[in-house]
Amino acid sequence: MREAHRRLMKRMHPDAGGSAFLAGRISEAKAVLLNRHD
């Protein structure tokens with residue numbers, strides 16, 4: 003999960019030509035998925 007997030011963020015990060023909106027959504031999805039296991 004963490005590796006997949008890292009790969010997506012490398013492609014979608016605003017500094018890499020991606021969108022701040024999409025980067026935020028990816029981080030939000032990671033938080034939801036990781037918190038589901040509490």
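Each residue of the sequence shown is one higher than the last, beginning at 3 in the working numbering.
In this text, a Cβ means the ideal position worked out from N, Cα and C, and glycines have one as well.
Secondary structure of residue i, DSSP reduced to three states
{"i": "S21", "result": "coil"}
{"i": "H15", "result": "coil"}
Alpha-carbon spacing of residue i relative to residue j, whole angstroms
{"i": "R8", "j": "A25", "result": "11 Å"}
Residue from the options whose Cα sits closest to the Cα of residue i
{"i": "R27", "options": "M11, E5, N37 and G19", "result": "M11"}
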